[in-house]
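The structure under discussion appears below in the form of structure tokens.
Protein chains in written order, with this note's numbering: chain A, 1 to 111; chain B, 112 to 223.
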């Protein structure tokens, strides 16, 4: 099993550009989530999904969209990138109520 | 919202010594707790978990203690090795809920 994979590993955007961060898992986990990690702060939940077709907002959802058309994939879309979205983004998956498995992260720099 | 906090942001230990990393949680309804290890440039890695019906759980060289009375969680690492150097996070969750809450992390440095 590859576990949780994320692409790209690193991305530079200009303010106002849009992009999609990809996340996939091959463990048939129903629960998937996106976090951002900023220096001095804990992981903050952006959006999560408890199954295909079901998504919900987390703590910091503004500026991000998600969709879950399949169990395996959970892309995160930045609609109009802002410097405040410079961060490291982690995708995670789990069986509901169990420990989450994290991907390697995507480092995003917005200029 | 709920918060999960750590008492010590940094910890340095000698190789071979035992390490103790602490965490305070504020939601008394949380019933599932996890410790993660994050090495530089990598994603968090699951270490050990514990449910609220237990007060101690042991893994390989690691032990998690849960004190529900004072809402405190600790991670003990026995015979700390250089490879244990990393940031350690605690996380809490309600088994019926969908959201995990993470602390800011403690940076552990092992001195050879």
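Each residue gets a CB set at the ideal place from its N, CA and C atoms; glycine is no exception.
- [ ] Select from B:165, B:147, B:164 the residue whose C-alpha is nearest the C-alpha of residue 157 of chain B.
- [x] B:147
Open item on the list: Quick check: is the beta carbon of residue 50 of chain A nearer than 8 Å to any beta carbon in chain B?
Closed with: yes
TODO: Give me the Cα-Cα distance between residue 14 of chain A and residue 221 of chain B, rounded to the nearest whole angstrom.
DONE: 40 Å
Open item on the list: Distance check for residue 125 of chain B and residue 218 of chain B, CA to CA, integer angstroms please.
Closed with: 14 Å
Task: Cβ shell of residue 142 of chain B (< 7 Å), same chain only, five flanking positions each side left out - done: 162, 163, 205, 206
Task: Cα-Cα separation, residue 209 of chain B to residue 45 of chain A - done: 11 Å
TODO: Taking C-beta pairs closer than 8 Å, name the residues in chain A that residue 209 of chain B reaches, listed in chain order.
DONE: 31, 48, 50, 56, 96
- [ ] Compute the Euclidean distance between the alpha carbons of residue 16 of chain A and residue 87 of chain A, then round it to the nearest angstrom.
- [x] 16 Å
Open item on the list: Can you confirm whether residue 104 of chain A, when its beta carbon is compared against all beta carbons of chain B, has any partner nearer than 8 Å?
Closed with: yes
Task: Under 7 Å by beta carbon: chain B residues contacting residue 101 of chain A - done: 157
Task: Closest residue to residue 96 of chain A among A:70, A:24, A:51 (Cα-Cα distance) - done: A:51
Open item on the list: My output table needs one value for residue 195 of chain B: the three-state DSSP class, helix, strand or coil.
Closed with: helix
Open item on the list: My output table needs one value for residue 187 of chain B: the three-state DSSP class, helix, strand or coil.
Closed with: strand
TODO: List the residues of chain B whose Cβ lies closer than 8 Å to the Cβ of residue 41 of chain A, in chain order.
DONE: 215
Task: Span separating the alpha-carbon of residue 151 of chain B from that of residue 180 of chain B - done: 34 Å
Task: Whether residue 56 of chain B touches residue 103 of chain A by CB criterion (8 Å) - done: Outside the displayed range of chain B (112 to 223) lies residue 56 of chain B, so it cannot be described from this structure.
- [ ] Express the C-alpha separation of residue 123 of chain B and residue 131 of chain B in angstroms, rounding to a whole number.
- [x] 10 Å
TODO: Check the Cβ-Cβ distances between residue 109 of chain A and every residue of chain B, and say whether any is below 8 Å.
DONE: no
TODO: Just the C-alpha distance for residue 216 of chain B and residue 40 of chain A, rounded to the nearest angstrom, thanks.
DONE: 8 Å
Task: Spatial distance of residue 6 of chain A from residue 108 of chain A (CA atoms) - done: 12 Å
Task: Pairwise C-alpha distance: residue 43 of chain A and residue 70 of chain A - done: 25 Å
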